[in-house]
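To start, the structure under review is shown below, and the notes come after it.
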Amino acid sequence: MTTPNPQLDAHGRLKHFLTIDGLSRELLTEILDQAEGFLGVAQQAVKKVPLCRGKVVANLFFETSTRTRTTFELAAKRLSADVLNLNISTSSTAKGETLLDTLRNLEAMHVDMFVVRHAESGTAHFMAAHAAPHVSIVNAGDGRHAHPTQAMLDMLTIRRHKPDFDQLSVAIVGDILHSRVARSQMLALRTLGVPDVRVIAPRTLLPTRVEEAFGVTAYHDLSEGVRDADVVIMLRIQRERMNSALLPSEHEYFQLFGLTEERLATAKPEAIVMHPGPINRGVEMDSQVADGRRSVILEQVTNGIAVRMAVMSMCLGNQHLGSPSQEEATHA
Ligand code: NCD
0 MTTPNPQLDA HGRLKHFLTI DGLSRELLTE ILDQAEGFLG VAQQAVKKVP LCRGKVVANL
60 FFETSTRTRT TFELAAKRLS ADVLNLNIST SSTAKGETLL DTLRNLEAMH VDMFVVRHAE
120 SGTAHFMAAH AAPHVSIVNA GDGRHAHPTQ AMLDMLTIRR HKPDFDQLSV AIVGDILHSR
180 VARSQMLALR TLGVPDVRVI APRTLLPTRV EEAFGVTAYH DLSEGVRDAD VVIMLRIQRE
240 RMNSALLPSE HEYFQLFGLT EERLATAKPE AIVMHPGPIN RGVEMDSQVA DGRRSVILEQ
300 VTNGIAVRMA VMSMCLGNQH LGSPSQEEAT HA
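Read in order, the letters of the sequence shown correspond to residues 0 to 331 in numbering that gives the first Met the number 0.
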């Protein structure tokens, strides 16, 4: 028996969503299946379902974000939850209040779920360990550790184009070392059964022992690494997380690792190109590729709302896997 996963309740159901690590293929598949169902909500005249009516969700973003924060907000609103967006730069933590005090105060206002982004790895786990029993924590990115909803929206995007995970070659290109997105993607891809996951980066931007730790293959040449790939995922260069000169100039980086149509030529003809955003055009990829026919970058944004609806709804009690206890069944 391994140690219990802090994200799961006693019945194996999702209570918090902190990391992909330790979650089963069945559970990840349920997230994707539920998200698939939620994609249709955006097509309705009234873009809402009542699944989380009466619940209160607080967005706590200690690090900047537009896409992730707004899609979490829309997701909560489409589930009919009430949403609080805390402006951290003007809030109490800026006046010295600790994270735990912020948590306790919002719990006293009967917040049911916190969506947390923080520059420090481990913040979401810390909050989950200290939250009141009825409260759920969703990690919206912690340091370079994890960004599990991003990974799941990427998995949904891949599955909608390439339904059979067991057949795929997926290449992740760029600043793997500092990327919480890459870590969560590698775990999700391997858990969902993708046999061939490649990471392509300069040696200075790869974590040590990445191959053994994540079951992936490392490449240092872009054209070689994307050869026959079905999916090419580009990452943003995380300048804000670099404390030394790990890169030559951006121009030189683009010369070696920037995605262009020519470099993409070795991938499969129907390969899709992804990027979590924000893109640095001319650094990670050129505009021809970013806006080209193989790019699914804007689909990733749309899918992000559906995946976040699925995760929030499941954490707040709407889950099929696992068996409800008697007490929960009567309270449902
Ligand atoms: C990612 C993040 O913040 O980790 N972006 C996002 O969620 N939209 C990726 C990045 O900033 O590079």
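For each residue, glycine too, the CB sits at the ideal point set by N, CA and C.
Fewer than three Cβ pairs drawn from the stretch 283–293 and the stretch 50–62 lie within less than 8 Å of each other, which leaves the two stretches out of contact. Separation of the CB atoms of residue 318 and residue 12 is rounded to 5 Å, and the pair is thereby assigned contact status at 8 Å. Every beta strand (DSSP E) of 3 residues or more that sits fully in the stretch 122–176 is shown, in chain order, as 135–141, 168–172. Under DSSP, residue 83 forms a beta bridge with 57.
Within the DSSP secondary-structure output, residue 199 pairs in a beta bridge with 172, 218. Look at residue 274 here: in three-state DSSP terms it is coil, with no helix or strand label. Judged by beta-carbon spacing, residue 264 lies beyond the 8 Å limit of residue 230, meaning their Cβ atoms are not closer than that value.
The ligand NCD approaches residue 180 closely enough that one of its heavy atoms is under 7 Å from the residue's Cβ. Taking the Cα of residue 77 as reference, the smallest distance to any Cα among 51, 66, 129, 83 is reached at 51. When DSSP reads this structure, residue 113 sits in a beta bridge with 57, 136. Straight across, the Cα-Cα distance linking residue 141 with residue 254 is about 30 Å.
Inclusion of residue 55 and residue 46 in the CB contact set at 8 Å is not warranted, their separation being larger than that value.
By the Cβ test, the stretch 203–211 is not in contact with the stretch 145–159, since fewer than three Cβ pairs between them sit closer than 8 Å. Residue 223 counts as exposed, since fewer than 16 other C-beta atoms from the protein chains shown sit within 10 angstroms of its C-beta. The continuous stretches of beta strand (DSSP E) do not include residue 19, and DSSP gives it neither H nor E.
Spanning the alpha carbons of residue 180 and residue 109 requires a straight line of approximately 31 Å.
Taken through DSSP and simplified to helix, strand or coil, residue 236 comes out as coil.
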